[in-house]
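Single-structure report; data block below.
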Ligand code: GLU
């Protein structure tokens, strides 16, 4: 079946169906559906060739009722404004669900970062920052890494912003290098959060966490760290894939060895596993599937062939709404994105707090606090789902939306 809905429309349709379980006035619903601010910029970049190229960039602030807008910046060739609007809205729900004092935002630039030089990437980042400079700031909107960006990109954003202000403003971004006020544990925080929610899911489902098999889609920051943390805990990583293809080994793949191999080769040529058709990735016979790449991966088309018992949504919006009832009918337990991958923004919050206090925590403290927040959020969602007889996704969304609606009600509408 061909997908006719785009990710923004899908995010709105999910919101609409969840809102029906909440007692909200039509005006509140209208308010929650709209992004508060949308900025589109043209980013001119001096390329290595000496010529100028223009890249399209966006920053969307969906909601700021619970605090400053917060969310990553994505560099990807398929970025669209609708995608960024959807991801900004998901950030609002994510921050609300883990109860950290932020609203939601997202940024993006239409670029394939692998196809431009480091200098061009720096020029692009600095000019994009300049174009959105009045939009962002430690009290109003705080970017972070997302697909295609990393700590180095955050360092350039921070430096560009600080040069314009005339003094160093580390709080303007999170996910910075540790040397510039980044937090211990931030790089692997999303993956660690995924694992904490997964371990909680195994507990409530009464599944023994030994000898479980895992397939991870995506071997970027989130996928590779999730595979490594699970491998260290004794899970067997039997299938992995990235843009180069998919690999399988029923005896298990060592993600550390794979990471080393990828420094010079590509995942699909890893000698200690066999290649298989990546379009069949979600059919892998395993206990747990972790989509850790992009949106719209599990659809009505491939959902009937999913054999895993648990899907841990490390990516944002990896499942389309028409796949949800199919997964439910197959009794597959879904840990929804806004719960599963909220560890990243949670440690971003810790980074922001540490920066504001100019007092930095140990990695142990970061991980303990993260675990506490993730487990609390998981059990809140799970208890709500049992009490209201709802699936995990609707429960997560309902809890998150109700908190934002409450904040909005308390603040009222200006003037
Ligand atoms: N890009 C990450 C996400 O989608 C982290 C955002 C942040 O730390 O602000 O959750």
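Numbering (this note's numbering), first residue to last: 106 to 520.
Idealized CB from N, CA, C, for every residue including glycine.
Note that the structure is predicted; figures quoted are calculated from it, not measured.
With a threshold of 8 Å on Cβ separation, who are the neighbours of residue i within its own chain once the five nearest residues in sequence on each side are excluded?
i, result
"residue 402", "322, 387, 396, 420, 423 and 424"
"residue 119", "426, 498 and 502"
"residue 107", "Confidence is the limiting factor: at residue 107 the pLDDT is only 46, short of 50, which leaves the residue's position unreliable and the question unanswerable from this model."
"residue 249", "175, 176, 177, 178, 259, 278, 279, 280, 449, 450 and 453"
"residue 505", "197, 198, 199, 201, 202 and 443"
"residue 457", "243, 247, 276 and 279"
"residue 496", "429, 433, 439 and 490"
What does a CB cutoff of less than 6 Å around residue i pick up in its chain, not counting 5 residues either side in sequence?
i, result
"residue 478", "203 and 451"
"residue 162", "146, 148, 214 and 233"
"residue 143", "165"
"residue 158", "150 and 152"
"residue 513", "170"
"residue 113", "187, 190 and 191"
"residue 111", "187"
Buried or exposed: where does residue i fall if 16 or more other Cβ atoms within 10 Å of its Cβ makes it buried?
i, result
"residue 147", "exposed"
"residue 442", "buried"
"residue 484", "exposed"
"residue 173", "buried"
"residue 487", "buried"
"residue 463", "exposed"
"residue 301", "buried"
"residue 515", "exposed"
"residue 190", "buried"
"residue 440", "buried"
"residue 519", "exposed"
"residue 369", "exposed"
"residue 262", "buried"
"residue 251", "buried"
"residue 286", "buried"
"residue 326", "buried"
"residue 469", "exposed"
"residue 467", "exposed"
"residue 493", "exposed"
"residue 311", "exposed"
Verify whether the separation of the beta carbon atoms of residue i and residue j is less than 7 Å.
i, j, result
"residue 206", "residue 167", "no"
"residue 192", "residue 211", "yes"
"residue 276", "residue 460", "yes"
"residue 182", "residue 217", "yes"
"residue 180", "residue 253", "yes"
"residue 305", "residue 329", "no"
"residue 150", "residue 228", "yes"
"residue 445", "residue 418", "yes"
"residue 398", "residue 428", "no"
"residue 413", "residue 431", "no"
"residue 318", "residue 341", "yes"
"residue 343", "residue 375", "no"
"residue 219", "residue 171", "no"
"residue 74", "residue 339", "The question about residue 74 has no answer here: the residues shown for the chain are numbered 106 through 520."
"residue 354", "residue 378", "yes"
"residue 127", "residue 507", "yes"
"residue 320", "residue 389", "yes"
"residue 129", "residue 510", "yes"
"residue 238", "residue 269", "yes"
So residue i is in the beta strand (DSSP E); what residue range does that whole segment cover?
i, result
"residue 415", "415-417"
"residue 180", "174-181"
"residue 227", "From DSSP, residue 227 is part of no beta strand (DSSP E) but of the alpha helix (DSSP H) over 223-236."
"residue 200", "It is not in any beta strand (DSSP E) - residue 200 instead sits in the alpha helix (DSSP H) that spans 186-202."
In terms of DSSP beta bridges, what is residue i paired with?
i, result
"residue 161", "147"
"residue 438", "415"
"residue 142", "166"
"residue 379", "353"
"residue 128", "DSSP, once it has assigned bridges, lists no residue as partnering residue 128."
"residue 346", "322 and 351"
"residue 242", "246"
"residue 209", "168"
"residue 341", "318"
"residue 424", "403"
Leaving aside the five residues before and after residue i along the sequence, list all residues of the same chain whose C-beta is less than 7 Å from its C-beta, in chain order.
i, result
"residue 347", "323, 324 and 372"
"residue 242", "277"
"residue 471", "288, 289, 290, 452 and 455"
Starting from residue i, follow the alpha helix (DSSP H) in both directions and report where the run begins and ends.
i, result
"residue 218", "Per DSSP, residue 218 belongs to no alpha helix (DSSP H) and is neither H nor E."
"residue 396", "No alpha helix (DSSP H) holds residue 396; the beta strand (DSSP E) holding it covers 393-396."
"residue 448", "448-462"
"residue 420", "Segment: none, residue 420 is in no alpha helix (DSSP H) and carries neither H nor E."
"residue 361", "360-367"
"residue 298", "294-310"
"residue 267", "256-270"
"residue 483", "468-493"
"residue 511", "497-516"
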